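I have placed the structure first, in the form of C-alpha cells, so that the comments after it can refer back to it.
Protein chains: 2
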Amino acid sequence: MSNEKESSSTELKIFEAARDVFQSKGLEGARMQEIADKADINKSMLHYYYRSKEKLFEKVYELSIIKLMPQVASLLNEEMPLDVKLRKFSMKYLELIKANPDIPLFVIHEMNKNPGRLKKFIAKEIGKRVQPFLDQIKEEREKGNTVNLPPEQIFVNIMAMLVFPFLGRPVLQVIFDMDEKAFSQFIAVREAFMPDYLVSMVMKKEQ
Amino acid sequence: MSNEKESSSTELKIFEAARDVFQSKGLEGARMQEIADKADINKSMLHYYYRSKEKLFEKVYELSIIKLMPQVASLLNEEMPLDVKLRKFSMKYLELIKANPDIPLFVIHEMNKNPGRLKKFIAKEIGKRVQPFLDQIKEEREKGNTVNLPPEQIFVNIMAMLVFPFLGRPVLQVIFDMDEKAFSQFIAVREAFMPDYLVSMVMKKEQ
DNA sequence: AATCAGTTTAACCATATAGTTAACTTTTGT
DNA sequence: ACAAAAGTTAACTATATGGTTAAACTGATT
C-alpha cells in the first residue's frame, strides 16, 4: 500500500527530463524519444506513467507556472509600503527567475500557440492576485506619490524591467557579444541597481 | 526575358503564407501543407520555388529581421540630442512594432532554439549599429546628463519598455482580461506616455 | 515455491509529414 | 505553328514519431 504520491524514481526522472526538454524545445519541438533518452528509460515508460505527450506536457506546463506564479503573487500581496515592496520584489523576483531562467519564454511561447492552456490552470487566479497590488499603486497614485500612470501600465513597466533580459537573452547575447559568464555578470549588475531604479521609475520624485 | 527578381504571384503568395504560418507557429510547429493551403497552391510548389522547409523558413526569418533591424538601427544612429532621439525612437519604434507585432517573439523563440541562425544573417551587424547609440549614451553619462548606469543597461531598459508588452501580450491579455481592442488601447496609452517617460528614465533630473 | 501486481522491455503499428516524381498544362520565344 | 521552358498537379515515397502490445522481469505476499 504505497502512498498516494510516492513518485517512483522512474516517474520523477521522466518528469525532470520532460521539463528540461519541453522548456528548451517547446511542445512541438520536443521528441518523446529525446525525453526517454535523457531520463535514461525506455520510451514506453513515458506512456506508462503519463498517458500521452500532451498529458506529460500539461503536467510540466502546469508545474512550471505553479512553481513561479504563487511565489511572485505572494510577494506582491505582503503588507508594506510601496517603495519597500518594490525593492523587495526586485530582489526576490530576480532571484527566482535566475533559478528558472527558461520559464518565462517557455510560458509565453506556449501561451502564444495555445492561449487557452493558461486559462485551464490559472486564468483569473493570477489576475486576482495582481489586483491588490494594482490597488496599492492606485492608492499611492491618488495621494500623488507615484508617477501619473495607470496602475496596469506601471505593473507592466516593472515586469518589463525584470523579465525582459531573460526573454531577450539570446538576442542580447549576440548583440553585446556576451558568453554565459558575461550574461550572468550583466544580470548581477541589474540586480544591484534595479531596486532603487524601480522605485525611481514608479515613485514621484518632484511635483 | 523576365526580370531577375520578378517574384511570380505564386512565389509571393507562398512567401506571405509561409511568413504568417512560421511567425505564428514557429519552424517546428509549421506544416508545409498548411502553408500551401493558406497560399492556395499545390504543396509541390513550395519545393519548386524554395527547395525545402528549412530554406523557406530561412528566407522568412531573414526577411523578418531585415525588415525591422535596419530601420531601428538607423533611427538610433541619426544625429540629434539624446532626449530628442529617445522621444523619436519611442514613437517610431512602437509604430514599427505595431505593424509587425509577432516578429519579436518569433525571432526570440527561434533564436532560443537555434542561436546560430541569427549570426548567419546579422551577428555583429546589429552590434555595430547599436554601438554608436551606446557611445552617445556614454558621452552624456560622462557629462552627468544621464542616470548613472552602464549604456548597455540603459539600452536594455529602453528596449524592455518598448518590446515587452508585445512579447508578454498573451499573458497580459489573460491577466488583465483584455480583448484585442482593449490591448490596442493599452498600447495606445503607452505610445502617449512613453516618449516623456523614457526621457525621465534615462536623463538625470536632479543631481 | 507459487502467485500476483507492478514495472520494464523490445518489437511493432498507424499516421503525419517533408520531400520526390512524372505526367500535364501554360507560357514564351522563334 | 511549333518547340522549349516554366509552371502546376496528383500520386507516391521514405521516414520520423507518438503510441500500442505482449512478453518478460521483479519483488512482495501467501
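Chains as they are written, first to last, in my numbering: chain A, -19 to 187; chain B, -19 to 187. Glycine is no exception: its CB is placed at the ideal position from the N, C-alpha and C atoms. Keep in mind it's a predicted model, so treat the numbers as computed, not measured.
| Check | Outcome |
| --- | --- |
| Helix, strand or coil at Met183/A according to DSSP, with G and I counted as helix | strand |
| Spatial neighbours of Leu98/B in its chain, beta-carbon cut-off 6 Å, leaving aside the 5 residues before and after | Met91 |
| Cβ pair Ala142/A, Leu74/A closer than 8 Å | Position check: residue 142/A holds Leu in this sequence, whereas Ala was assumed. In this structure, Leu74/A lies closer than 8 Å to Leu142/A by Cβ. |
| Three CB pairs or more closer than 8 Å across the segment 78 to 92 of chain A and the segment 5 to 19 of chain A | yes |
| Limits of the alpha helix (DSSP H) - the one that Ile102/A falls within | Looking at the DSSP string, Ile102/A is not in any alpha helix (DSSP H), and its letter there is neither H nor E. |
| Sequence-distant residues of its chain with Cβ nearer than 7 Å to Gln187/A (five each side left out) | Because the pLDDT at Gln187/A is just 44, under 50, the model does not fix this residue reliably, and the value given afterwards should be weighed accordingly. Within the same chain, Gln187/A has close Cβ partners Gly124. |
| Rounded Cβ spacing between Pro50/A and Phe146/A (contact assumed at less than 8 Å) | That belief does not hold up - the Cβ atoms of Pro50/A and Phe146/A are roughly 19 Å apart, past 8 Å. |
| Proximity of Ile21/B and Val110/A at Cβ, strictly below 8 Å | no |
| Proximity test, Cβ basis, 8 Å: Asn57/A and chain B | no |
| Asp176/A to Asp176/B span [Cα, whole Å] | 20 Å |
| Residue nearest to Tyr41/A in terms of C-alpha spacing, selected from Gly148/A, Leu152/A and Gly96/A | Gly96/A |
| Rounded separation between Ala172/B and Asp0/B - CA only | 29 Å |
| Contacts around Phe113/B, its chain only, beta-carbon distance under 6 Å, and the 5 residues preceding and following it disregarded | Leu56 |
| 8 Å CB neighbourhood of Leu76/A in its chain, flanking five on each side removed | Leu48, Gln51 and Val52 |
| Residue from Leu129/B, Lys35/B and Ile106/B whose Cα sits closest to the Cα of Val169/A | Leu129/B |
| Min CB distance Lys93/B to chain A below 8 Å | yes |
| Buried versus exposed, by CB contacts within 10 Å (16 or more), Leu(-8)/B | exposed |
| Own chain, CB closer than 8 Å to Ile117/A, minus 5 neighbours either side, in chain order | Leu62, Thr126, Pro131, Ile134, Phe135 and Val182 |
| Counterpart residues of Thr(-10)/A in DSSP-defined beta bridges | Paired residue(s): none; Thr(-10)/A is not in a bridge. |
| Ala53/B: first and last residue of the uninterrupted alpha helix (DSSP H) it sits in | Lys33 to Asn57 |
| Length of the line joining the Cα atoms of Gly107/A and Ile138/A | 16 Å |
| Straight-line Cα distance separating Ser32/A from Lys23/A | 11 Å |
| Presumed contact (8 Å Cβ cut-off) between Ala(-2)/B and Leu36/B, rounded CB distance | 5 Å |
| Leu147/A: contacting residues in chain B (beta-carbon distance under 7 Å) | Ile88 and Leu147 |
| Near-chain A residues of the segment 119 to 138 of chain B - C-beta to any C-beta below 7 Å | Leu129, Pro130, Glu132, Gln133, Val136 and Asn137 |
| Pairwise C-alpha distance: Ile167/A and Arg67/A | 16 Å |
| Neighbouring residues, chain A, relative to Val154/B (Cβ below 9 Å) | Met91, Pro95, Leu98, Lys99, Ile102, Ala103, Lys104, Ile106 and Gly107 |
| Where Lys185/B falls, given that 16 or more other Cβ within 10 Å makes a residue buried | exposed |
| Cβ-based neighbour list, Leu26/A, same chain, cut-off 7 Å, excluding 5 preceding and 5 following | Ile(-6), Met12, Ile15, Ala16 and Leu36 |
| Chain-ordered neighbours of Phe173/B on chain A, where CB pairs are closer than 8 Å | Leu129 and Gln133 |
| Pick from Ala140/B, Glu38/B and Arg121/B that is closest to Asn94/B, judged by C-alpha positions | Glu38/B |
| Short Cβ contact (8 Å threshold) for Phe163/B with Phe144/A | no |
| Limits of the alpha helix (DSSP H) - the one that Leu66/A falls within | Leu62 to Ala79 |
| CB contact check: Leu74/A to chain B, cutoff 8 Å | no |
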